[in-house]
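K.L.:
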Amino acid sequence: MGTGAGFPGLVLRILDPTIRLTLLDSLGKRVEWLTELCRELDLPDVVLLKGRAEELSRRKTHREQYDVAVSRALAAMPMLAELCLPYVKPGGLFLAMKSNKTDEEIAGAEKIIQALGGEKPFVMDYLVPGTEVYHRVVTVFKARPTPGSYPRKWTKIKETKV
Numbered sequence: 039m040g041t042g043a044g045f046p047g048l049v050l051r052i053l054d055p056t057i058r059l060t061l062l063d064s065l066g067k068r069v070e071w072l073t074e075l076c077r078e079l080d081l082p083d084v085v086l087l088k089g090r091a092e093e094l095s096r097r098k099t100h101r102e103q104y105d106v107a108v109s110r111a112l113a114a115m116p117m118l119a120e121l122c123l124p125y126v127k128p129g130g131l132f133l134a135m136k137s138n139k140t141d142e143e144i145a146g147a148e149k150i151i152q153a154l155g156g157e158k159p160f161v162m163d164y165l166v167p168g169t170e171v172y173h174r175v176v177t178v179f180k181a182r183p184t185p186g187s188y189p190r191k192w193t194k195i196k197e198t199k200v
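Just so we're aligned: 150 in this note's numbering is position 112 of the sequence shown, and the numbers increase by one with no gaps anywhere.
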């Protein structure tokens with residue numbers, strides 16, 4: 039979600055060539071650049087999508103079709119959950135890369151995560167190799183389908199309080 043320069047998606051795909059990867063970003067220029075990068079890296083099976091996460095997740099071709107959704111530094115946890123969980127099939131995972139100072143943000147997302155079909159988030163902090171910097175991965179197991187009323191329109195998602 040919000041693939042930016044391809045982190046962490048392309049890195050994961052390079053490390054594990056068996057991953058079937060779909061990258062989503064709302065900016066056409068970014069998608070074009072990533073398309074060229076995938077060509078240069080000989081990654082022909084990476085699917086690149088241009089669009090808004092809250093809109094594409096309503097399409098049958100994407101809704102609850104993915105085993106894992108990953109996001110890095112895209113938004114606050116309540117917003118991330120609403121943008122990402124509709125893509126994940128029940129039994130799958132949503133992984134959010136966050137700062138290790140996000141306890142309150144994560145706790146504030148638990149209600150919307152449950153409404154979207156997710157379980158209580160599992161948090162794991164880790165040391166970035168070669169640094170003294172800690173980051174965090176927040177893992178949400180999706181237990182149930184996401185109700186059809188989600189995701190809401192972007193204006194409503196933005197109003198979600200942390």
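Note that beta-carbon positions come from the ideal geometry of N, C-alpha and C, so glycine has one too.
Pull up the CB-CB distance for Met115 and Lys136, whole angstroms please, since I reckon it's below 8 angstroms.
P.N.:
In this structure, Met115 and Lys136 form a Cβ contact; the two beta carbons are roughly 7 angstroms apart against a cut-off of 8 angstroms.
K.L.:
Between which two residues does the alpha helix (DSSP H) holding Arg51 run?
P.N.:
Gly47 to Leu53
K.L.:
So Met162 is in the beta strand (DSSP E); what residue range does that whole segment cover?
P.N.:
Membership of Met162 in the beta strand (DSSP E) is indicated by the continuous run Phe160 to Leu165.
K.L.:
Thinking just about the alpha-carbon of each residue, which of Lys158, Ser95 and Thr169 is nearest to the one in Val176?
P.N.:
Of the candidates Lys158, Ser95 and Thr169, the residue whose Cα lies closest to the Cα of Val176 is Lys158.
K.L.:
What residue range is occupied by the uninterrupted alpha helix (DSSP H) comprising Met117?
P.N.:
Met115 to Cys122
K.L.:
Keeping to the same chain, check which residues put their C-beta closer than 6 angstroms to that of Thr169; ignore five residues upstream and five downstream.
P.N.:
none
K.L.:
So for Arg68, helix, strand or coil by DSSP?
P.N.:
Of the three classes helix, strand and coil, the one that applies to Arg68 here is helix, per DSSP.
K.L.:
Please list the segments of the beta strand (DSSP E) lying wholly inside the segment 131-186, counting only runs of 3 or more residues, in order along the chain.
P.N.:
160-165 and 172-179
K.L.:
Grab me the residues of Ala128's own chain with a C-beta within less than 8 angstroms of its C-beta, minus the 5 sequence neighbours each way, in chain order.
P.N.:
Note on identity: in this sequence residue 128 is Pro, with Ala being the wrong assignment. Once the five neighbours on either side are set aside, the close Cβ partners of Pro128 are Glu102, Gly155, Lys180, Ala181, Arg182 and Pro183.
K.L.:
Alpha carbons only, please: which of Glu78, Leu123, Ile52 and Phe45 is nearest the one belonging to Tyr188?
P.N.:
Leu123
K.L.:
Residues in its own chain within less than 8 angstroms of Met117 by CB, not counting five upstream and five downstream?
P.N.:
Ile195, Lys196 and Thr198
K.L.:
In chain order, what residues of the same chain have a beta carbon less than 8 angstroms from the beta carbon of Ile144, not counting five sequence neighbours either side?
P.N.:
So the list reads Met115, Lys136, Pro159, Val161 and Val176, once near-sequence residues are dropped.
K.L.:
Checking 9 angstroms against the spacing of the C-beta atoms, do Ser109 and Ala134 come in under that value?
P.N.:
yes
K.L.:
Kindly indicate the opening and closing residues of the alpha helix (DSSP H) around Leu86.
P.N.:
Unbroken run through Leu86 is the beta strand (DSSP E), Val85 to Lys88; no alpha helix (DSSP H).
K.L.:
In the DSSP assignment, what residue or residues form a beta bridge with Ala241?
P.N.:
Because residue 241 is not part of the residues shown, which for the chain are 39 to 200, the question remains open.
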